[in-house]
Amino acid sequence: AQDKPTVRFSSVVSETDIRAEAFQRFADLVSDDFNVELYFGGTLVAQGGELAAMQRGNLEMGIPSPQDISNQIPAWSIVTSAYLFDDAEHMQEVMASEVGQELYAMVEEQLGVKILGPLYFGTRQVNLKPEIDVQTPEDLNGVTLRMPGGDAWQFLGRAIGANPTPLAYSEVYTALQTGAIDGQDNPLPNDYNMKFYEVTSQIVLTNHLVGFDLLSVSLDVWNDMTPEQQETFQAAADEIIAWSTEQHLAREAELVEFFEGEGLRVYEPDREAFRAYAQDMYLNSEFSDSWPEGMLDAINAM
Amino acid sequence: MTALKRIASWLYSIADGLSAVLLTAMFVTFIIQVVMRYVFNYPVGWTVEVQTIAWIWVILWGQSVTVSEADEIRFDIVYSSVSEPVRRIFRLIFSAFIVGIYAIALPAIWDYVTFMKIEETSYLDLRFDYVFSVYVIFTIAVIIRYGWIFYRSVRGKKVAITAAHDTSEPLES
Amino acid sequence: MSFEFGVAVAVIVVFALLGLPIGHAMIGASILYLLISGMDMSIAAEQLLRGLYGSYILLAIPLFIFAADLMNIGSLSDRLLIFCRALVGRFRGGLGHVNVVSSLIFSGMSGSAIADAVGMGRIIINLMLKDGKYPAAYAGALTAASAIIGPIIPPSIPMVLYALISDTSIGYLFLGGVAPGLILGILLMIANAIMARRYNFPVEEAVPVRELPKATLNAIPALLMPVILLVGIYGGVTTPTEAAALAALYAFVVSIVLYRSISPRQAFEAFRQSAKSTASVGILIAGALAFNYVVTIENVPSAIRSVLEGYNLDAVMFLLVVNVILLVLGCLLEGNAILLVIVPIFIPTAMALGIDPVHFGVVVVVNIMIGLATPPYGLLLFVVSNITKSPVASTIKFLLPFLAIMIAGLAIVTYAPDVVLWLPRMYGYNG
Ligand code: NA
Ligand code: NA
Chain A
104 AQDKPTVRFS SVVSETDIRA EAFQRFADLV SDDFNVELYF GGTLVAQGGE LAAMQRGNLE
164 MGIPSPQDIS NQIPAWSIVT SAYLFDDAEH MQEVMASEVG QELYAMVEEQ LGVKILGPLY
224 FGTRQVNLKP EIDVQTPEDL NGVTLRMPGG DAWQFLGRAI GANPTPLAYS EVYTALQTGA
284 IDGQDNPLPN DYNMKFYEVT SQIVLTNHLV GFDLLSVSLD VWNDMTPEQQ ETFQAAADEI
344 IAWSTEQHLA REAELVEFFE GEGLRVYEPD REAFRAYAQD MYLNSEFSDS WPEGMLDAIN
404 AM
Chain B
559 MTALKRIASW LYSIADGLSA VLLTAMFVTF IIQVVMRYVF NYPVGWTVEV QTIAWIWVIL
619 WGQSVTVSEA DEIRFDIVYS SVSEPVRRIF RLIFSAFIVG IYAIALPAIW DYVTFMKIEE
679 TSYLDLRFDY VFSVYVIFTI AVIIRYGWIF YRSVRGKKVA ITAAHDTSEP LES
Chain C
3 MSFEFGVAVA VIVVFALLGL PIGHAMIGAS ILYLLISGMD MSIAAEQLLR GLYGSYILLA
63 IPLFIFAADL MNIGSLSDRL LIFCRALVGR FRGGLGHVNV VSSLIFSGMS GSAIADAVGM
123 GRIIINLMLK DGKYPAAYAG ALTAASAIIG PIIPPSIPMV LYALISDTSI GYLFLGGVAP
183 GLILGILLMI ANAIMARRYN FPVEEAVPVR ELPKATLNAI PALLMPVILL VGIYGGVTTP
243 TEAAALAALY AFVVSIVLYR SISPRQAFEA FRQSAKSTAS VGILIAGALA FNYVVTIENV
303 PSAIRSVLEG YNLDAVMFLL VVNVILLVLG CLLEGNAILL VIVPIFIPTA MALGIDPVHF
363 GVVVVVNIMI GLATPPYGLL LFVVSNITKS PVASTIKFLL PFLAIMIAGL AIVTYAPDVV
423 LWLPRMYGYN G
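Residue numbers (this note's numbering), protein chains in the order written: chain A, 104 to 405; chain B, 559 to 731; chain C, 3 to 433.
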């Protein structure tokens, strides 16, 4: 067992995250064939660097985001757009369909990375400090919303009607507290972990982006496996993805109650109004230029 | 001064001035960022990109051109308490090490920096091989600088690597 | 931990002692580690480039350096000096007290001890050295000691990072830091008073009371600086990082408009000088980022964890052991790196022993900050020695009594949790 190949697996999730537990399970499931070394908190490879590290042979496994991939393959920007997927189930269905296989093939061919599946981590919701009523994108006009840095993320903010601003994640809490920003967008578990609920008054359940990363292994490692090993590897990936997704969905449901208990207003806006506004903005922007022909319609039809 | 020397010193002033320009860019874009968000309620994102690129460059370009050995942060307890012949040996050892290790790594660094052409910055669409190219410059500049320190030390010449120290000891009561 | 790791640590220690700049020693050791482990040597470059590109909050550092340089070139510092002298010059060690109090006031500016030291610290150092009243090394030592307090009093970047890894409220952590920060400040002022007497720092001639109003009026623009920053941050105009730019802008505008004392040439020179200081400090951060990879791939954190689990420590012993480990690590690693890489391994044990997470967070942050100034190897130590142009050894000589009293303060904070927790509890914390 000494000559088992070592698989370095780096991610930015924290050691206490649900996904950290999932990765530990994965390591156990493939432990007959591989020695999987887990690194959390972006300590081995910094956020956004996993893909390049895998391409250069300095990392065997990681969970690059669709945004990271679209940096190198612009067609991927379609899955970073607002209101593409209705929920986690829809996203999984699409990624398992021909559409997903087409997207995965691009990553294999162009980047030498094998995608094992989409790892759901929560749906992004708008979390605001001011006590305003938000039903349509127009209600977010003039609202300063912190979004992650980068023009794709900032465009996402505009696509739901807000004034997006990039800000370091670690500064968001103070900025909300002092009013430097009006709000931020994140999945509910992040709002909980970063204690944003302490300094905000409401969560608008916009569901504007289904958040997921791509559980991936370097193609070299994958190709060196026997067919049986590949099967075990893929089965382990499927198992932890299913488990982690279930855990996240349960956590999100539980957190709605928790936030209400903390005195926050948690409500659904007119999602159809948001969806129409966002898809229109994307179609009239340079972002949709690179989207594969007919893919949006195929996804909308599913 | 010969014409050649004049051109060299003129080129150096420009290279040196770039450090100041980079810091100015950071400062000005920070102000723009605050004004756009707070005064006009129209936040912009490209400023962050200018700032982070300038931050990398101001450190590595500054280390290549602007910073002198006396400005470097070092642990000089031992160095400053030994005689010049011993210091010379110290300089020979550490400059040989840093020239050697940076030179051995240079091909790998070149490979990484050129590889990064696959990614672009988000707002300005600058290729990352351009953004990170300053690391190649930095590595070469350090090799040259410490090569020079090594050469001077071999020839038995002094090199001032520590700042002029305030030698006044505290007044004991 | 492997043979290669031992080599890398030895290389840092030996070459730093020989006089190689510390940043180069850390980068060189990281490359050597990769080389003898048969790994891709470009990883060191990748780590530090990506690390610098992703560490947005560090951008406050160059801006505070710039603000400080401008305050010196425009006559803001001088006017502040005249005012401070008039106010406390008649007391022995008066400017030393000013140093500590200014750290307490300006701690809101940066949330980073290094930034506090190179920013405000630089200004106060210049004030203390102006007439040769204090030894340069003393000014540096006191500045390093008082800069420790900066990130303990909110806002605080290390506390935000701790909240991130520990699932603790940032708001309560901030409140928890207030009392320990003030206690450390008072302890330092006591130490300063004793040292001033011991070394017989000269007192200044008492300024007649009738001259006070004029000195005050002249100093108002400088005194307004912290007010402007606090309004900037707490009024929701800027983030703590952006506030650094506001400070620089304020110094710039006041110097030009009010005093007309900055020529374009001087302004350019200020930018150049600040860029130079930024590069000196920045290469140190870069070196820490590169070496962090070595520490991670060597699984140093889990090694420490398994050693800890081998002993069955109670809460008192556990806190003592954590304090000692962090103080030692503070000599080797950058503060944020310790928080993100090492502290997570202590948290589960701390919780299991029933230690309050807010209390533990404050202890950890105080500890890491002290570690930054602990001889023989601490970033703050090098930074202040670089500003004062004094040998590190002289700085250490003056720093030791301050550190002794800070460690006494750490003991209070560690073993009297109520000191930390009473304020958060007043605002509804159940702990
Ligand atoms: Na101070
Ligand atoms: Na602070």
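Ideal Cβ placement from N, Cα and C applies to all residues, glycine included. Because the structure is a prediction, the values reported are computed rather than measured.
Residue i and residue j: beta carbons closer than 8 angstroms?
i: A281(C); j: G620(B); result: yes
i: F112(A); j: L132(A); result: no
i: G314(A); j: G225(A); result: yes
i: G1(C); j: V360(C); result: The question about residue 1(C) has no answer, for chain C in this structure spans 3 to 433.
i: I59(C); j: M43(C); result: no
i: R354(A); j: L222(A); result: no
i: R646(B); j: Y637(B); result: no
i: F293(C); j: M28(C); result: yes
i: I154(C); j: V367(C); result: yes
i: G183(C); j: I235(C); result: no
i: D254(A); j: S680(B); result: yes
i: S276(C); j: D71(C); result: yes
i: V692(B); j: L580(B); result: no
i: A10(C); j: V296(C); result: yes
i: S567(B); j: V623(B); result: no
i: N194(C); j: G95(C); result: yes
i: T606(B); j: G165(A); result: Per the sequence shown, residue 606(B) should be read as Val rather than Thr. Cβ atoms of V606(B) and G165(A): not closer than 8 angstroms.
i: A250(C); j: A69(C); result: yes
i: P204(C); j: K135(C); result: yes
i: I45(C); j: L51(C); result: no
i: Q238(A); j: P372(A); result: yes
Have a look at the DSSP bridge pairing and note the partners of residue i.
i: G286(A); result: L231(A), L248(A)
i: F112(A); result: L141(A), M164(A)
i: F7(C); result: DSSP lists no partner for F7(C).
i: S321(A); result: V216(A)
i: V369(A); result: I306(A)
i: L222(A); result: D316(A)
At a CB-CB cut-off below 9 angstroms, which residues of chain B make contact with residue i?
i: I125(C); result: Going along chain B, no residue has its Cβ under 9 angstroms from I125(C), so there is no contact; the nearest lies around 18 angstroms.
i: K1(C); result: One cannot answer for residue 1(C) here, as it falls past the ends of chain C, which runs 3 to 433.
i: D316(A); result: None at all; the shortest Cβ gap to chain B is about 18 angstroms.
i: R227(A); result: The contacting residues do not exist; R227(A) stays about 18 angstroms from chain B at best.
Quick one: list the residues of chain B neighbouring residue i, beta-carbon separation under 7 angstroms, in chain order.
i: P269(A); result: G603, V606
i: G45(A); result: The requested residue 45(A) does not occur in the structure, where chain A is confined to residues 104 to 405.
Quick one: measure Cβ to Cβ for residue i and residue j, integer angstroms, because I've assumed they're closer than 8 angstroms.
i: L318(A); j: G220(A); result: 5 angstroms
i: T281(A); j: R595(B); result: Wrong, their Cβ atoms sit about 13 angstroms apart, outside the cutoff.
i: A185(A); j: Y385(A); result: 7 angstroms
i: T416(C); j: V365(C); result: 5 angstroms
i: A147(C); j: M408(C); result: 6 angstroms
i: I176(A); j: M209(A); result: 5 angstroms
i: D294(A); j: I306(A); result: 7 angstroms
Strictly below 8 angstroms CB to CB, what residues from chain B border residue i?
i: M43(C); result: I662, A663, A666, I667
i: F384(C); result: I631, R632, F633
i: I33(C); result: I659, Y660, I662, A663
If the cut is a Cβ gap below 8 angstroms, which residues of chain C does residue i touch?
i: T277(A); result: P157, V162, I172, I235, T241, P242
Against residue i, what residues of chain A qualify as contacts under a CB-to-CB distance less than 8 angstroms, listed in chain order?
i: E677(B); result: A155, N174, Q175
i: Y140(C); result: The premise fails here: Y140(C) is roughly 35 angstroms from chain A at the closest Cβ pair, so nothing lies under 8 angstroms.
Starting from residue i, find everything on chain A with Cβ-Cβ shorter than 9 angstroms and list it in chain order.
i: R52(C); result: V148, A149, Q150, G151, G152, A155
For a contact meaning CB atoms closer than 7 angstroms, what does residue i contact in chain A?
i: F595(B); result: For the record, residue 595(B) in the displayed sequence is Arg; it is not Phe. T247, T268, listed in chain order.
Name, please, each residue of chain C whose Cβ falls closer than 7 angstroms to the Cβ of residue i.
i: F655(B); result: F17, G30
i: Y300(A); result: The premise fails here: Y300(A) is roughly 10 angstroms from chain C at the closest Cβ pair, so nothing lies under 7 angstroms.
i: R159(A); result: D42
Contact between the region 53-69 of chain C and the region 182-195 of chain C (3+ Cβ pairs under 8 angstroms): No, the region 53-69 of chain C is not in contact with the region 182-195 of chain C.
At least three beta-carbon pairs within less than 8 angstroms, the region 702-713 of chain B to the region 646-657 of chain B: Between the region 702-713 of chain B and the region 646-657 of chain B there are three or more C-beta pairs closer than 8 angstroms, enough to call the two in contact.
The region 141-150 of chain C touching the region 394-407 of chain C, judged by at least three CB pairs closer than 8 angstroms: The region 141-150 of chain C makes contact with the region 394-407 of chain C, as at least three CB pairs between them are under 8 angstroms.
contact_flag[the region 15-30 of chain C, the region 267-280 of chain C] where n(CB pairs < 8 angstroms) is 3 or more: They do not touch, by the three-pair rule.
Segment contact, 8 angstroms Cβ cut-off, at least three pairs: the region 237-248 of chain C with the region 267-274 of chain A: With a cut-off of 8 angstroms, the region 267-274 of chain A and the region 237-248 of chain C count as touching, because enough Cβ pairs lie within range.
contact_flag[the region 154-174 of chain C, the region 298-311 of chain A] where n(CB pairs < 8 angstroms) is 3 or more: The answer is yes - the region 298-311 of chain A touches the region 154-174 of chain C, with three or more Cβ pairs under 8 angstroms.
Three or more C-beta pairs below 8 angstroms linking the region 388-398 of chain A and the region 186-196 of chain A: Judged by Cβ distances under 8 angstroms, the region 388-398 of chain A makes no contact with the region 186-196 of chain A, as fewer than three pairs qualify.
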